[in-house]
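Enquirer:
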Amino acid sequence: MKFSVSDTAIDVSAARKAVADKHCGALVVFEGWIRDHNEGQQVERLEYEVYRPVAEKEGARIIDEAFARFAITHALCIHREGLLELGDCAVIVCVSSAHRGAAFDACRYIIDQTKTRLPIWKKEHYVTGISEWVNCEQCATAGDAHGEHRHD
Amino acid sequence: MKVKVRYFALFREQAGCASESVDFPGGTARELFQMMTAKHQALNTQAASLVAINDEMSGWESTISENDEVLFFPPVAGG
C-alpha cells in the first residue's frame, strides 16, 4: 500500500525500511509531528478526521503522480486519524531514489499535495478548553468576535 | 430528483447533521450547496472547500444526477 491511513501510531522505522533498496543512494523522510502551538495558541492535543474512501484513492493518485514526475524507486505515505497527543507523528512520507535530487523533490511534492487535496481535517484542542478546526476561514477572519464562533 | 448530501468536519457541525436526503430540482454541485446553505443558516461557503460525487473528487460546476451522493468538504488540513 503506497498510501494508507492509520488509526494507530506510525511505525517510523518500518516505514523507512519499506523503501530501502540497494539500488538507491538516497532515502528522504518527512515526518509531521504534533507541536504545542499554532498561531499564538497553546495546543494540548489534536484530532484528525479522515474520509477514507476518497483519501485513500486520491492519496494513491498523488504517489502515482510523484512516480510520473520524478525518477524515484519507492515512495509511501502514511497519515494518522483520530486523537493525537503532543509529540505524536501525524504523517510520514518516505521516498528512495538512485540520486538525492529526485527523492527530495518527490517527498516535497507528496506532502504538499497531501496537505491540499485529501479530505483530512484537523481540529486543535487548546489548553484554554476551546477547540477549533484548522483552516476555518471564519476563525481566521473573526478577530475579536471569535468567541462567538465555537466548534464543539 | 433525489440526492444524498454528506457533510464533514466543520460543515457537519454547521449543518447540524452528517447526511440528509434532499429533493434537488437539478443543476450543479455549487447550486446544490447554495440550496443547502439556504436551508442551514450556519452553513457557510468557504473559498477552499472541495466537493466529491460518489466518492470521486469533482468540480463545483459538475452536474448532479439522480441518486448521486454529494460530499461537501470544508477546507482541508492534512499533514
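Protein chains in written order, with this note's numbering: chain Y, 1 to 152; chain G, 1001 to 1079. We put the CB at the ideal spot given by N, CA and C, even for glycine. Just so it is clear, the structure is predicted and the values come from calculations on it, not from any experiment.
#1: Only counting the same chain, and skipping five residues up and downstream in sequence, which positions put a Cβ closer than 7 Å to that of residue 1009 of chain G?
#2: Whole angstroms are fine: how far does the CA of residue 1018 of chain G sit from the CA of residue 152 of chain Y?
#3: In the DSSP assignment, find the alpha helix (DSSP H) that holds residue 1036 of chain G and state where it starts and stops.
#4: Whose C-alpha, out of Y:127, Y:23, Y:27 and Y:80, is nearest the C-alpha of residue 42 of chain Y?
#5: When DSSP builds the beta bridges, which residues end up paired with residue 75 of chain Y?
#6: Are any of the Cβ atoms in chain G nearer than 8 Å to that of residue 151 of chain Y?
#7: Could you round the C-beta distance between residue 96 of chain Y and residue 27 of chain Y to whole angstroms and report it? I think they count as a contact, below 8 Å.
#8: Quick check on residue 141 of chain Y - is its C-beta less than 8 Å from some C-beta in chain G?
#9: For residue 142 of chain Y and residue 116 of chain Y, what's the separation of their Cα atoms in angstroms?
#10: Tell me whether residue 36 of chain Y is buried or exposed, calling it buried when 16 or more other Cβ atoms sit within 10 Å of its Cβ.
#11: Taking the alpha-carbon of residue 1002 of chain G as reference, which of G:1022, G:1016, G:1014 and G:1046 has the nearest alpha-carbon?
#12: If residue 1036 of chain G sits next to residue 1076 of chain G, beta carbons under 8 Å apart, how far is it from one beta carbon to the other, in whole angstroms?
#13: Any C-beta of chain Y sitting closer than 8 Å to the C-beta of residue 1008 of chain G?
#14: If we count the other Cβ atoms within 10 Å of its Cβ and call it buried at 16 or more, is residue 1060 of chain G buried or exposed?
#15: Residue 25 of chain Y CB to nearest chain G CB: under 8 Å?
#16: Quick one: give me the first and last residue of the alpha helix (DSSP H) that residue 13 of chain Y is part of.
#17: Given that a residue counts as buried once 16 or more other Cβ atoms are within 10 Å of its Cβ, and exposed if not, what is residue 1068 of chain G?
#18: Could you work out which residues of chain G lie near residue 79 of chain Y, taking near to mean beta carbons separated by less than 9 Å?
#19: Could you check whether the Cβ of residue 1068 of chain G sits closer than 8 Å to any Cβ belonging to chain Y?
#20: Where do the ends of the alpha helix (DSSP H) carrying residue 47 of chain Y lie?
#21: Which residues in the same chain have their Cβ closer than 6 Å to the Cβ of residue 107 of chain Y, if we skip the five residues on either side of it in sequence?
#22: Taking a Cβ distance cut-off of 8 Å, strictly less, list which residues of the stretch 1044–1063 of chain G are near chain Y, in chain order.
Expert: The short version:
#1: Same-chain partners within the cutoff: 1074.
#2: Residue placement at residue 152 of chain Y is poorly supported in this model, since its pLDDT is 42, which falls under 50; the coordinates still yield a value, given next. If you draw a straight line from the Cα of residue 152 of chain Y to the Cα of residue 1018 of chain G, it comes to about 15 Å.
#3: That run of the alpha helix (DSSP H) goes 1029–1039.
#4: Nearest option by C-alpha distance: Y:127.
#5: As a beta-bridge residue in DSSP terms, residue 75 of chain Y pairs with Y:95.
#6: Low per-residue confidence applies at residue 151 of chain Y: pLDDT is 44, beneath 50, and the placement is therefore not dependable enough to give any value.
#7: About 5 Å; that satisfies the 8 Å criterion.
#8: Low confidence applies here, because residue 141 of chain Y scores a pLDDT of 48, under 50, leaving its location unreliable; read the following figure in that light. Chain G places no beta carbon closer than 8 Å to that of residue 141 of chain Y, leaving this residue out of the contacts.
#9: Unreliable placement is indicated for residue 142 of chain Y, whose pLDDT of 44 sits below 50; the coordinate value is still reported in the next sentence. Spanning the two alpha carbons is a distance of roughly 23 Å.
#10: It counts as exposed.
#11: Among G:1022, G:1016, G:1014 and G:1046, the Cα nearest to that of residue 1002 of chain G belongs to G:1022.
#12: The pair is not a contact, with the Cβ atoms about 19 Å apart (cut-off 8 Å).
#13: Taking CB atoms only, residue 1008 of chain G has a neighbour in chain Y less than 8 Å away.
#14: Exposed is the call here.
#15: Not closer than 8 Å to any Cβ of chain G, the Cβ of residue 25 of chain Y fails to qualify, so no.
#16: 12–19 is the extent of the alpha helix (DSSP H) around residue 13 of chain Y.
#17: Buried.
#18: The answer, in chain order, is 1078 and 1079.
#19: The beta carbon of residue 1068 of chain G sits no closer than 8 Å to any beta carbon of chain Y.
#20: Premise fails: residue 47 of chain Y lies in the beta strand (DSSP E), 41–50, not in any alpha helix (DSSP H).
#21: Counting only Cβ-Cβ distances below 6 Å, and skipping sequence neighbours, we find 28, 30, 93 and 95.
#22: Cβ proximity to chain Y below 8 Å picks out 1044, 1046, 1047, 1048, 1050, 1052, 1055, 1056 and 1057 from the stretch 1044–1063 of chain G.
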